[in-house]
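The structure appears right after this line, and notes come after that.
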Amino acid sequence: MLSQADVPVSSLWDLELLGIRDPIEQNSREETEKLRAFLQIYLHEKDRDFVRFLWYDNEGNIRTYRHARVVVGVTSSPFLLMAVINYHLSKESIKERYSEEFLKKLQESFYVDNWVTSVQNNAELEIFVKSATNVMKEGMFDLRGWESSAISASSESTRSPVLGLIWDKTLDTLEIDTESLEFDEKKR
801 MLSQADVPVS SLWDLELLGI RDPIEQNSRE ETEKLRAFLQ IYLHEKDRDF VRFLWYDNEG
861 NIRTYRHARV VVGVTSSPFL LMAVINYHLS KESIKERYSE EFLKKLQESF YVDNWVTSVQ
921 NNAELEIFVK SATNVMKEGM FDLRGWESSA ISASSESTRS PVLGLIWDKT LDTLEIDTES
981 LEFDEKKR
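Under the numbering used here, the first residue of the sequence shown carries the number 801, and numbering increases by one thereafter.
Okay, here's the thing in structure tokens:
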């Protein structure tokens, strides 16, 4: 464990020296997009006292800072993201322009930053993608990376990761990725 005496104050800004890496840099593209969703949510001024942290200034004095946005990795982060999405979808200006059925389907289909639902055909899919993208864009959320079981000639793969599972778009089934499971015979 490092102490202030072990590291010159000027080096405290070198987070990698302290074993802290930028989560944006160390994650895959999908994980990075998930992190960006949380960074869109500002905290109300009065709530910032609950996410304080300590830092040394250039003179070695301890300073207290407060986060202005939702902190990635805090237990409540997914809840806060969903609360913001639900708030956005319940605004009168949104309700006036989109059907109650559409908003309910959209609201009930989110899981953290993934959205999973079913539609009857490609025409309904196109309408839903356009409407969902537009309504969420109004709340500064960028929906992208859409996939469907309607396989086109340009599709690279018929299998996609979804919520920790593998979605076989040809069979329209979900599978467990058994290759990612580790089994330790000693812990049996």
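We treat Cβ as the ideally placed atom computed from N, Cα and C, and that holds for glycine.
Just to confirm, is the Cβ distance from E947 to S931 under 8 Å? Residue 947 sits at position 147 when you count from the first residue of the sequence shown. Residue 931 sits at position 131 when you count from the first residue of the sequence shown. Contact flag unset, no.
Cβ distance (whole Å) where V849 is taken to contact R869 below 8 Å: Residue numbering aside, residue 849 sits at position 49 when the sequence shown is read from its first letter. Residue numbering aside, residue 869 sits at position 69 when the sequence shown is read from its first letter. Here residue 849 turns out to be Asp, not Val, going by the sequence shown. Actually they do not touch by this definition, with Cβ atoms about 15 Å apart.
Completely contained beta strand (DSSP E) runs for the region 861 to 936, where each covers 3 or more residues: 862 to 866
For M801, does the count of other Cβ atoms within 10 angstroms reach 16, so buried, or fall short, so exposed? The residue you call residue 801 lines up with position 1 of the sequence shown. Note that M801 scores 43 on pLDDT, short of 50, meaning its location in the model is unreliable; the coordinates nonetheless yield the value given after this. Answer is exposed; the Cβ neighbour count stays below 16.
Span separating the alpha-carbon of T933 from that of L981: Sequence index remark: in the sequence shown, residue 933 carries index 133 (1-based). Sequence index remark: in the sequence shown, residue 981 carries index 181 (1-based). Answer to the nearest angstrom: the Cα atoms are 34 Å apart.
Residues in the same chain with beta-carbon distance under 8 Å from N914, minus the five sequence neighbours each way, listed in chain order, please. To locate residue 914, count along the sequence shown from 1; it is residue 114. These residues qualify, in order along the chain: V962, L963.
How long is the line joining the alpha carbons of E901 and N886, rounded to whole angstroms? Counting from one through the sequence shown, the residue named residue 901 turns up at place 101. Counting from one through the sequence shown, the residue named residue 886 turns up at place 86. Distance between the alpha carbons of E901 and N886: 14 Å.
Note down, in chain order, each residue of its chain lying with its Cβ closer than 7 Å to the Cβ of D968, except the 5 sequence neighbours on either side. Taking the first residue of the sequence shown as 1, we reach residue 968 at position 168. Only T958, R959, E975 meet the Cβ criterion.
Can you check whether the CB of L880 is closer than 8 Å to the CB of L889? Your numbering for residue 889 matches position 89 in the sequence shown. Your numbering for residue 880 matches position 80 in the sequence shown. No, they are not a contact pair.
What three-state label does DSSP hand R944 in the structure shown? On the sequence shown, position 144 is the one that residue 944 refers to. R944 falls in the coil class under three-state DSSP.
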